[in-house]
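Chemist:
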Amino acid sequence: MLVLHNSQKLQILYKSLEKSIPESIKVYGAIFNIKDKNPFNMEVLVDAWPDYQIVITRPQKQEMKDDQDHYTNTYHIFTKAPDKLEEVLSYSNVISWEQTLQIQGCQEGLDEAIRKVATSKSVQVDYMKTILFIPELPKKHKTSSNDKMELFEVDDDNKEGNFSNMFLDASHAGLVNEHWAFGKNERSLKYIERCLQDFLGFGVLGPERQLVSWIVMEQSCELRMGYTVPKYRHQGNMLQIGYHLEKYLSQKEIPFYFHVADNNEKSLQALNNLGFKICPCGWHQWKCTPKKYC
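Mapping of the sequence shown onto this note's numbering: position 133 corresponds to residue 135, and the numbering continues sequentially without gaps.
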């Protein structure tokens, strides 16, 4: 595999992957952030250039210091040739199978190769599939001289209820971690702190001036960790967040998308109401744990 360092090549790859969305959305979003300051110190691997068949984004080696930190040790994969993936993934200089890690992608065809290689490396695989949502169509929004302030516009109903919008920062990481189904531990706390330092977090304050609903962007431009406290559910707070984020991110030309469990009917309905579309390819995650850590 080749590591792409050249910014021009990264831009060419980024544009090329756009044609393969939604299947390529994970690596597409990661490369967007790699091109733009690369706050998570990630790198891009291709099997060949310019006629690539496989693209993998991963943290640079110095970032993967903790062998059990699967939040940091995350790989995103897109392939045009699933039959070649098993051979590529078996190389130790591509995937560090001695560590606990995550692989994320939006292609059913990744599963067989990942499981075969993991078995050969004595690695346990915990697999999850959810529903992938992306914007129905790109929307052009009028540029404002103070566009971030547009996120703070609220509906009349919410004004009457003393609700207001706010940006999150690292000080909110504990609250987000406490309610994130994939988190609730020290490693996830550090990961969320880093996301909030480098990417967009947005929430709604309730009448008591406490956060009641929020969502956070991560290193592949996915909007995750969404939560509304039970007392304030079914009041349109997440719908409000989604509306303002869609407007802001589309205006800034930042790619974004969501994944939702198929039994989360309220979130599924909210995203449908906002005009997002379900992608048949789905969202997939493989948590890979070496037997020594099981």
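The C-beta atom is built at its ideal place from N, Cα and C for all residues, glycine as well.
Please report the Cβ distance between residue 136 and residue 259, rounded to the nearest whole angstrom; I am assuming they are in contact, meaning their Cβ atoms lie under 8 angstroms.
Modeler: So it is a contact: roughly 5 angstroms between Cβ atoms.
Chemist: Going along the chain, which unbroken runs of the beta strand (DSSP E) with 3 or more residues stay wholly within the segment 34-104?
Modeler: Fully enclosed beta strand (DSSP E) runs of 3 or longer: 44-48, 56-61 and 76-81.
Chemist: Cα separation between residue 99 and residue 56?
Modeler: Distance between the alpha carbons of residue 99 and residue 56 is about 18 angstroms.
Chemist: In three-state DSSP terms, what is residue 205?
Modeler: Of the three classes helix, strand and coil, the one that applies to residue 205 here is strand, per DSSP.
Chemist: Looking only at its own chain, which residues have a Cβ that is under 7 angstroms from the Cβ of residue 296, when we skip the five neighbours before and after it?
Modeler: Answer for residue 296: 126, listed in chain order.
Chemist: So which of 203, 261, 26 and 168 has the shortest CA-CA distance to residue 175?
Modeler: The shortest C-alpha separation from residue 175 is found at 203.
Chemist: Inspect the CB distances between the segment 64-73 and the segment 91-111 and report whether three or more fall short of 8 angstroms.
Modeler: The segment 64-73, when compared against the segment 91-111, does touch it at the 8 angstroms Cβ threshold.
Chemist: Rounded to the nearest angstrom, what separates residue 276 and residue 257 at their Cα positions?
Modeler: One C-alpha to the other measures close to 16 angstroms.
Chemist: If you run the structure through DSSP and keep just helix, strand and coil, what is residue 231?
Modeler: Looking at residue 231 - three-state DSSP - the assignment turns out to be coil, as it is neither helix nor strand.
Chemist: Just the C-alpha distance for residue 269 and residue 133, rounded to the nearest angstrom, thanks.
Modeler: Straight-line Cα distance between these residues: approximately 11 angstroms.
Chemist: Let me know if residue 17 comes out buried or exposed under the rule of 16 or more other beta-carbons within 10 Å of its beta-carbon.
Modeler: With fewer than 16 other Cβ atoms within 10 Å, it is exposed.
Chemist: Quick test of the definition: if touching needs 3 or more C-beta pairs under 8 angstroms, does the segment 228-245 touch the segment 40-51?
Modeler: No, the segment 228-245 is not in contact with the segment 40-51.
Chemist: Please state if the CB of residue 207 and the CB of residue 165 are separated by a distance shorter than 8 angstroms.
Modeler: Yes, the Cβ-Cβ distance between residue 165 and residue 207 is below 8 angstroms.
Chemist: Between which two residues does the alpha helix (DSSP H) containing residue 261 stretch?
Modeler: Unbroken run through residue 261 is the beta strand (DSSP E), 260-262; no alpha helix (DSSP H).
Chemist: If we count the other Cβ atoms within 10 Å of its Cβ and call it buried at 16 or more, is residue 216 buried or exposed?
Modeler: It counts as buried.
Chemist: Could you tell me whether the segment 86-96 touches the segment 217-236, where touching means 3 or more Cβ pairs closer than 8 angstroms?
Modeler: No, the segment 86-96 does not touch the segment 217-236.
Chemist: Tell me the rounded alpha-carbon separation between residue 108 and residue 214.
Modeler: Looking at the two C-alpha atoms, the distance is approximately 31 angstroms.
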